[in-house]
Amino acid sequence: MNPNWINRPPVPTEFAGLRLIRVGTAKHFEAIITSDHMIGCLTHFYKRRTIPCTAPDCQADCDGVPARWHGYLSVLCTRTRTHYVLELTALAAVPVAEFDDAKGSLRGAMLDATRLGNKPNGPVSCVISPSSADLRTLPRAVHLERFLATIWHLNPAREDVGPNPPPGPNIRNSLLADPPTSSTEPLRFPLHPLLAETRKGNGQLPNAPYVGPPQFDPDAP
Ligand SMILES: [Zn+2]
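Under this note's numbering, the first residue of the sequence shown is numbered 601, with each subsequent residue one higher.
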């Protein structure tokens, strides 16, 4: 019998090494949020593990196990520089949601979480504040739905999880290289008339004044 030689190390799976964490007992956790937005769902602690509530077709509901909401974010721990997915209780997630609603995005914000008291299920206090993190060098956000589907052993064919998109460009590289939609993919929005002319012709802009993007009008309703 011969081994099946594979002469290069296997390509790591998408979420290799990425861990789902909660704020530890009587611990202080500081991190930069890398997700644009928090996602959340009802979960059960069922058969010694956390699973999402899949009501109306949910075995844990049938067995009378209570459901609790949890929120999820990807974060970069400032102390260890490690990327994690952080699970938050509903109470701890309130300031996160408020910050997102006020600012439109969480990415780059500082999260400062502390579990109060000495019990593993004690309440977690969260403070979210703006930071000076460089969004270009911050790791890409984790695709939270796909990550959770993986650790929850959900069928990846489920519609709400979505198909695996091709790997996105490294954000540093995307500043140097053409964005992926630049030439090979059809544009999904109407071309600016000047650009349409360019595509039809010899690649030169027609001799016409440049029309910039719409200007913000403070008097508009
Ligand atoms: Zn359920």
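Backbone N, C-alpha and C define an ideal beta-carbon position, used for all residues, glycine too.
Quiz prompt | Nearest-angstrom Cβ-Cβ length linking Asp709 and Cys726, presumed shorter than 8 Å | solution = Taking the first residue of the sequence shown as 1, we reach residue 709 at position 109. Taking the first residue of the sequence shown as 1, we reach residue 726 at position 126. Looking at the sequence shown, residue 709 is not Asp but Ala. Not confirmed; about 11 Å, so no contact.
Quiz prompt | Assigned exposure category for Leu711 - 16 Cβ within 10 Å defines buried | solution = Counting from 1 along the sequence shown, the entry for residue 711 is found at position 111. Label assigned to Leu711: buried.
Practice problem: Tell me whether Leu691 sits in a helix, a strand or coil according to DSSP, three-state version. | Solution: Walking along the sequence shown from the start, residue 691 turns up at place 91. When DSSP states are grouped into helix, strand and coil, Leu691 belongs to the helix group.
Quiz item: Enumerated in chain order, which unbroken segments of the alpha helix (DSSP H) with a length of 4 residues or greater are wholly contained in the segment 637-700?
Solution: Listed in chain order, they are 659-662.
Quiz item: According to DSSP, which residues form a beta bridge with Leu620?
Solution: Residue numbering aside, residue 620 sits at position 20 when the sequence shown is read from its first letter. Answer is Val685, bridged to Leu620.
Self-check item: Span of the alpha helix (DSSP H) around Arg715
Solution: Counted from its first residue, the sequence shown places residue 715 at position 115. Element bounds for Arg715: not the alpha helix (DSSP H) but the beta strand (DSSP E), 710-715.
Quiz item: Which residue from Ala749, Ile728, His743 puts its Cα closest to that of Glu630?
Solution: Position 30 of the sequence shown, counted from the start, is the residue given in the question as residue 630. Measuring from the Cα of Glu630, the nearest candidate turns out to be Ile728.
Quiz prompt | Burial state of Phe699, where buried means 16 or more other Cβ atoms lie within 10 Å | solution = The sequence position of residue 699 within the sequence shown is 99, counting from 1. Counting Cβ neighbours within 10 Å, Phe699 comes out buried, since at least 16 surround it.
Exercise. Could you pull the start and end residues of the alpha helix (DSSP H) that Ala749 belongs to?
Key: For this step, residue 749 is matched to residue 149 along the sequence shown. In this chain, the alpha helix (DSSP H) harbouring Ala749 covers 744-751.
Quiz item: Using a Cβ-Cβ cut-off of 8 Å (strictly less than) and excluding sequence neighbours within five positions of Lys719, which residues of its own chain qualify?
Solution: The residue given as residue 719 occupies position 119 in the sequence shown. Apart from sequence neighbours up to five positions away, the residues of its chain that approach Lys719 with a beta-carbon distance below 8 Å are Thr625, ordered along the chain.
Quiz item: CB-CB under 8 Å to Arg707, same chain, minus the five flanking residues each way: which ones, in chain order?
Solution: In the sequence shown, residue 707 corresponds to position 107, counting from 1. Only Ile633, Thr634, Ser635, Asp636, Leu735, Leu738, Ala741 meet the Cβ criterion.
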